[in-house]
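The numbering of the sequence shown is my numbering, which starts it at -18 and goes up by one.
One structure below.
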Amino acid sequence: MRIVLVGPPGAGKGTQAQFIASQLAIPKISTGDIFRYNVANNTELGAKAKEYMDKGDLVPDEVTVAMVRDRLAEDDAQEGFLLDGFPRNVPQAETLKKMLDEMGVRLTVVLELVVDEDEVVRRLSGRRTCRRCERIWHADYDPPEHAGICDDCGGELFQRDDDKEEVIRHRLEVYREQTAPLINFYADEGILLGVDATGPVEEITARALAALRPYVR
Ligand code: ADP
Ligand code: AMP
-18 MRIVLVGPPG AGKGTQAQFI ASQLAIPKIS TGDIFRYNVA NNTELGAKAK
32 EYMDKGDLVP DEVTVAMVRD RLAEDDAQEG FLLDGFPRNV PQAETLKKML
82 DEMGVRLTVV LELVVDEDEV VRRLSGRRTC RRCERIWHAD YDPPEHAGIC
132 DDCGGELFQR DDDKEEVIRH RLEVYREQTA PLINFYADEG ILLGVDATGP
182 VEEITARALA ALRPYVR
């Protein structure tokens, strides 16, 4: 299956992606994770992305698209993938379509995580991420047993630089202006599935998997 997850920052895309991808045995490809990895390791790609990420702006399309093209060419993505955080605007969606055309495949479905903006702000303000395994936690909604330490791998948890209040506000504007139009884009293509993304994480995963079931081969 070839799936795209869309929804505002904080909707729970990364949280759900880790469970859905593992259930469906497909790789989770998160452009935000790849950029953060490159920033942390001081690569050339990281240097190109950092200033945009710090402000909450989108990294330029040519940089992002080249990175996704390389990632989709890897062996593990040939039978399917779950994209989290890409595409982020209509030009990226059009480029993705061309890339998949060249590979002779198409998207199976686009899953929209539907949640209101107040909830998204609460989620982003408490988000904590494991430095080692990238597992996502929340200081109040999904705390690890020992504050600051990942239950899964013992890694250190950190708060993302772009989860500060002013940057959160700007990222939501960027979402409304640039990313939200993808909802109509994919509805017009007839491949959009909306899932209520409020309530406990496991219930949302169950809802998403139930919505995807008709498409599983
Ligand atoms: P996104 O990838 O869409 O930006 P994340 O998956 O990183 O969002 O989730 C943002 C924050 O919200 C994280 O701290 C996560 O633990 C928390 N979260 C995710 N799903 C839920 C939920 N259903 N209820 C409460 N908090 C959630
Ligand atoms: P995320 O982890 O998805 O919240 O992404 C974090 C940041 O990475 C975003 O605010 C952007 O600066 C950058 N980013 C991630 N995905 C993309 C994309 N598809 N296009 C442009 N920038 C992106």
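We put the CB at the ideal spot given by N, CA and C, even for glycine.
Proximal residues to residue i (C-beta, below 7 Å), its chain only, five neighbours per side dropped
i: V46; result: Q73 and T76
i: E147; result: none
i: P162; result: V71
i: I172; result: L88, V90 and V91
i: D177; result: V95 and R188
i: D38; result: V155
i: G13; result: G66
i: V86; result: R(-17)
i: Q4; result: L190
i: K9; result: A(-2), Q(-1), A2, L63 and D65
Three-way DSSP call (helix, strand, coil) for residue i in this model
i: G171; result: coil
i: R109; result: strand
i: F67; result: coil
i: V148; result: helix
i: P72; result: helix
i: N22; result: coil
i: I7; result: coil
i: D194; result: Checking the displayed sequence, the identity of residue 194 turns out to be Arg instead of Asp. In the structure shown, R194 sits in a helix (DSSP, three-state: H, G or I).
i: A28; result: helix
i: L77; result: helix
i: E43; result: helix
i: E154; result: helix
i: D142; result: helix
i: A161; result: coil
i: T179; result: coil
One or two residues paired with residue i in a DSSP bridge
i: T12; result: Bridge partners of T12: none, in fact.
i: I130; result: E137
i: L92; result: L(-14) and L174
i: D123; result: H119
i: F62; result: R(-17)
Cβ-based burial, residue i [other Cβ within 10 Å; buried from 16]
i: S11; result: buried
i: N70; result: buried
i: A(-8); result: buried
i: M34; result: buried
i: K(-6); result: buried
i: Q(-1); result: buried
i: Y167; result: buried
i: T(-4); result: buried
i: F16; result: buried
i: R198; result: exposed
i: R116; result: buried
Chain-order list of residues whose beta-carbon lies under 6 Å from that of residue i (same chain, five-residue window excluded)
i: K29; result: V44
i: R104; result: G(-9)
i: V40; result: A30 and Y33
Own chain partners of residue i with C-beta closer than 8 Å, once the 5 adjacent residues on each side are dropped
i: R113; result: C131, C134, G135, G136 and E137
i: V101; result: P(-11), P(-10), G(-9), A(-8) and L153
i: H119; result: R104, G107, R108 and R109
CB-CB length for residue i against residue j, believed under 8 Å
i: A189; j: I1; result: 6 Å
i: V95; j: F67; result: Rounded, the Cβ-Cβ distance is 19 Å, inconsistent with contact.
i: R141; j: T110; result: 6 Å
i: D143; j: R157; result: Actually they are not in contact, since the Cβ atoms of D143 and R157 sit about 17 Å apart, beyond 8 Å.
i: P(-11); j: E98; result: 7 Å
i: L63; j: L(-14); result: 7 Å
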